[in-house]
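This note's numbering applies: residue 281 is where the sequence shown begins, and numbers increase by one. For glycine and all other residues, C-beta sits at the position ideal for the given N, C-alpha and C. Structure first, then comments.
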Amino acid sequence: MENKLKNISVISSNKILKSEKFNDFYFNSINPTNECKYVYIDANNLIEKIEQTSNLVIGELGFGIGLNFLMTVKSLKKNLINNKHLHYISFEGYPLEHKQLKEIYSNFKELNVISNVLLNRLPLKMSGVHDIYFPEYNTTLTLVYDDFSSVKKFSFLADAWYLDGFAPKKNPSAWTEDILKNVYKKTKFEGTFSTFTSATKVRKDLIKVGFDVSKKIGFSHKREMLIGIKRKNIKKINLSFHNFNIEPVAIIGGGVTGASLAFSLKKRNIECFIVEKGHELGNGASGNLVAFQIPKLTLDDSIYGIFSLRSYLYSRNLAINLDSVPISNGVIIFPNRDRENKKFEELLNFKWPYELFHNYKSVEFQNFKNLHLFPNSGIVETKNFLKNLSKSVKFINNFEVKKIDHFKNKKILYNTVGNSISAKTVIWANGYEVKNELLKKICIPTSGQVTYIKKDINFVNQKLNYSYGNFFSQEFNDLHQIGSTFSKDLNKNEDYNNKLNIRNIPLFLKEKFKSQLKVVNSRFSIRSSTANRLPYFGSLEEENEFFIGGMGSWGFTYAPFLSELLVKHIMHEPKIIETKLLEKLILDNRI
Numbered sequence: 281m282e283n284k285l286k287n288i289s290v291i292s293s294n295k296i297l298k299s300e301k302f303n304d305f306y307f308n309s310i311n312p313t314n315e316c317k318y319v320y321i322d323a324n325n326l327i328e329k330i331e332q333t334s335n336l337v338i339g340e341l342g343f344g345i346g347l348n349f350l351m352t353v354k355s356l357k358k359n360l361i362n363n364k365h366l367h368y369i370s371f372e373g374y375p376l377e378h379k380q381l382k383e384i385y386s387n388f389k390e391l392n393v394i395s396n397v398l399l400n401r402l403p404l405k406m407s408g409v410h411d412i413y414f415p416e417y418n419t420t421l422t423l424v425y426d427d428f429s430s431v432k433k434f435s436f437l438a439d440a441w442y443l444d445g446f447a448p449k450k451n452p453s454a455w456t457e458d459i460l461k462n463v464y465k466k467t468k469f470e471g472t473f474s475t476f477t478s479a480t481k482v483r484k485d486l487i488k489v490g491f492d493v494s495k496k497i498g499f500s501h502k503r504e505m506l507i508g509i510k511r512k513n514i515k516k517i518n519l520s521f522h523n524f525n526i527e528p529v530a531i532i533g534g535g536v537t538g539a540s541l542a543f544s545l546k547k548r549n550i551e552c553f554i555v556e557k558g559h560e561l562g563n564g565a566s567g568n569l570v571a572f573q574i575p576k577l578t579l580d581d582s583i584y585g586i587f588s589l590r591s592y593l594y595s596r597n598l599a600i601n602l603d604s605v606p607i608s609n610g611v612i613i614f615p616n617r618d619r620e621n622k623k624f625e626e627l628l629n630f631k632w633p634y635e636l637f638h639n640y641k642s643v644e645f646q647n648f649k650n651l652h653l654f655p656n657s658g659i660v661e662t663k664n665f666l667k668n669l670s671k672s673v674k675f676i677n678n679f680e681v682k683k684i685d686h687f688k689n690k691k692i693l694y695n696t697v698g699n700s701i702s703a704k705t706v707i708w709a710n711g712y713e714v715k716n717e718l719l720k721k722i723c724i725p726t727s728g729q730v731t732y733i734k735k736d737i738n739f740v741n742q743k744l745n746y747s748y749g750n751f752f753s754q755e756f757n758d759l760h761q762i763g764s765t766f767s768k769d770l771n772k773n774e775d776y777n778n779k780l781n782i783r784n785i786p787l788f789l790k791e792k793f794k795s796q797l798k799v800v801n802s803r804f805s806i807r808s809s810t811a812n813r814l815p816y817f818g819s820l821e822e823e824n825e826f827f828i829g830g831m832g833s834w835g836f837t838y839a840p841f842l843s844e845l846l847v848k849h850i851m852h853e854p855k856i857i858e859t860k861l862l863e864k865l866i867l868d869n870r871i
């Protein structure tokens, strides 16, 4: 995996921003906000469009400074706070630096509030897909940091497109017939586009790929611009899923997967409730004091590496936004094998952002040459995270689902003593305790135990976490969490596992302890893994019955992202994820 983004030099002054590479302006209008409204928002009739759907999807070629996004959210704000959702999908091959955007936003006082929100949530400058959720505006921004040709990698349909790359004469590679053909394919029937340019070749290519194209008077001094529509093919059925009724949804399992599903459903105003056989959230493998969130980077573009990084970026940001991440200085990786050392040496040449990871040097660890710091990674406070994910969602405890009766418009769930609850949709998210025979064959139960030791004064102020094959957490609630063990033996052996976790602590960490290393407590649980280390989701034979699982020991990194993906799958919403990855996550494709 390599960060393929390149820096771009710009010339900036007042309200002017110009790319040196393309010798073209990001904008140079006397009134850029009015130009944006005229060329994109009004030309695509967005106010009318959002009134006709619950989820408006906009695609964009050229995020630039994000002005179109900011103006779109501002223009639709009244609709968005009234149970409407905006999914804004933007492709950008040359993202600007945070400080460049901050400087240019200072010239747009009318966008001060929303631009500050965006600045606070901008992703790291690294190639790939970045999902950002703005609950205050009921908006999801998906930034694809890649060239425009990457549109073909993803499966979605937009209600409207903003074609806003640099001028065709300046950057012809952004306006190829192949790119425009993929824009057409990713447009709903009766979907529209608009663009500032009226270049003859662009107009002819847009017509050639299938759009009905018209000219319109351009903004200010620009004579003409182009607008267009994808006419409905009467031979095809244009499915509309925005009224897809699945309520209420019963989520079986009160771990991080169940809580994440509740969050994804709740933010869409879908009624749901969690059913848990235990007495509280995190009764099973999700109940440790803390959990680690860190990506597993790979040298190649493997499915596993792509999924791990994508999940981490989504889940870590979510945990931070839900105030579930203690103050931390990150995770130090101590590669414990020659192969790991070589891997990180090569990864350092792949131009990853410094904030993701970098080589770490310290007087304290001067005998170690190959230490690596992941400054934004670290622990998440599990109890608080589960509570915030499932806030305002009904929780039914001490209810172990033993049987489900299926009827046309509802399902009846029965527990071990015959009590029942009803739902229209069921999602199984109960880890290794799956009932379905097929899922039992896929699921590999593994046990793990973490050990808690009393905090030590030499570790408290550092707020560092350590990875050395196992994890050693920073102090939290006067404890360090160590582990976890990994075994296919599902029998609990507390004393043996505690000794194993203590023995695995590297000598250089043991020597840091000022006080005696003392075991205070431990926690044993059973997790659900898979043979290829990838989790899965899918649907069962019964209508409106779904499943998700196989997180292994990475539940707090994988589950929030995969749960969001499953809900998008159920609701037939755009899933901006590499097709080859999506195919591997859907279980039907792995059987």
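{"query": "Taking DSSP's pairing of strands, which residues face Cys552 in a bridge?", "result": "Val529"}
{"query": "Over the uninterrupted beta strand (DSSP E) stretch that includes Gln729, give me the two end residues.", "result": "Ile724 to Lys734"}
{"query": "Could you give the distance in angstroms between the alpha-carbon of Ile676 and the alpha-carbon of Glu635?", "result": "41 Å"}
{"query": "Would you tell me roughly how many angstroms separate the C-alpha atoms of Phe521 and Lys743, rounded to the nearest one?", "result": "Confidence is the limiting factor: at Phe521 the pLDDT is only 38, short of 50, which leaves the residue's position unreliable and the question unanswerable from this model."}
{"query": "Measuring only the C-alpha atoms, how far is Ala539 from Trp441?", "result": "34 Å"}
{"query": "In terms of residues, what are the limits of the alpha helix (DSSP H) holding Ser843?", "result": "Gly835 to Met851"}
{"query": "Within a Cβ cutoff of 7 Å, which residues of the same chain sit near Ile394, ignoring the five residues on either side of it in sequence?", "result": "Leu350, Val353 and Lys354"}
{"query": "Could you check the C-alpha separation between His501 and Asn311 for me, to the nearest Å?", "result": "12 Å"}
{"query": "Run through DSSP, which three-state label would Val799 get?", "result": "strand"}
{"query": "Quick check: Pro655 and Lys405, are their CB atoms within less than 7 Å of each other?", "result": "no"}
{"query": "Measure from the alpha carbon of Gly567 to the alpha carbon of each residue in Gly585, Thr537 and Asn549, then state which is nearest.", "result": "Thr537"}
{"query": "With DSSP run on the structure shown, which of helix, strand or coil describes Glu470?", "result": "strand"}
{"query": "Using the Cβ count rule (16 or more neighbours within 10 Å means buried), how would you classify Ile857?", "result": "buried"}
{"query": "With a cut-off of 8 Å on the beta carbons, I'd call Ser430 and Ile613 a contact; round off their distance for me.", "result": "Their Cβ separation, rounded to whole angstroms, is 30 Å, which puts Ser430 and Ile613 out of contact at 8 Å."}
{"query": "Our contact map puts Lys690 next to Ala703 with C-beta atoms below 8 Å; I'd like the distance itself, whole angstroms only.", "result": "7 Å"}
{"query": "Rounded C-beta distance between Leu421 and Tyr368? I'm assuming under 8 Å.", "result": "5 Å"}
{"query": "Considering only the alpha carbon of each residue, which of Val319, Gly445 and Ile412 lies closest to Phe428?", "result": "Gly445"}
{"query": "Decide yes or no for the touch test of the stretch 757-775 against the stretch 795-811: beta carbon pairs closer than 8 Å, at least 3 of them.", "result": "yes"}
{"query": "Can you tell me which of the three DSSP states Met267 falls into?", "result": "Since the first residue shown for the chain is 281 and the last is 871, residue 267 is missing from the structure and cannot be characterised."}
{"query": "Can you list, in chain order, the residues of its chain with a C-beta nearer than 7 Å to that of Ser604? Leave out the 5 residues immediately preceding and following it.", "result": "Val660, Glu661, Asn664, Phe665 and Asn668"}
{"query": "Which residues does DSSP list as the beta-bridge partners of Ile866?", "result": "Phe817"}
{"query": "Does Gln380 come out as helix, strand or coil in the three-state DSSP assignment?", "result": "helix"}
{"query": "Quick one, are the C-beta atoms of Tyr464 and Val493 less than 7 Å apart?", "result": "no"}
{"query": "Can you tell me the Cα-Cα spacing of Glu891 and Leu579, whole angstroms?", "result": "In the structure as shown, the chain begins at 281 and stops at 871. Residue 891 is therefore absent and cannot be evaluated."}
{"query": "Pick from Ser657, Asn621 and Asn647: whose alpha carbon is nearest that of Ala599?", "result": "Ser657"}
{"query": "Please identify the residue among Asn647, Leu423 and Asn287 whose C-alpha is closest to the C-alpha of Leu376.", "result": "Asn287"}
{"query": "Going by DSSP in three states, Asn784 sits in which element: helix, strand or coil?", "result": "helix"}
{"query": "What residue from Thr726, Thr731 and Glu755 has the CA that sits closest to Ile737's CA?", "result": "Glu755"}
{"query": "Enumerate, from N- to C-terminal direction, the unbroken beta strand (DSSP E) stretches of 3 or more residues contained entirely within the stretch 683-730.", "result": "683-686, 691-694, 700-703 and 705-708"}
{"query": "My understanding is that Met831 touches Asp581, with C-beta atoms under 8 Å, so please give their C-beta distance in whole angstroms.", "result": "Not a contact, Cβ separation roughly 22 Å."}
{"query": "Count the other CB atoms, across all protein chains shown, that sit within 10 Å of the CB of Leu890; report buried if there are 16 or more and exposed otherwise.", "result": "With the chain running from 281 to 871 in the structure shown, residue 890 is simply not present."}
{"query": "Quick check: the Cα distance between Asn525 and Lys364, rounded to an integer number of angstroms?", "result": "16 Å"}
{"query": "Between the Cα of Ser767 and those of Ala447, Lys792 and Pro725, spot the shortest distance and give me the residue it belongs to.", "result": "Pro725"}
{"query": "Hey, how far is the Cα of Lys931 from the Cα of Glu527?", "result": "Beyond the ends of the chain as shown, which are 281 and 871, falls residue 931; an answer cannot be given."}
{"query": "Let's see if you can read the secondary structure: which residues bound the beta strand (DSSP E) around Ser494?", "result": "Asp492 to Ile497"}
{"query": "Quick one: is the Cβ of Gly564 within less than 6 Å of any heavy atom of the ligand FAD?", "result": "You won't find the ligand FAD in this model; it holds no ligand whatsoever."}
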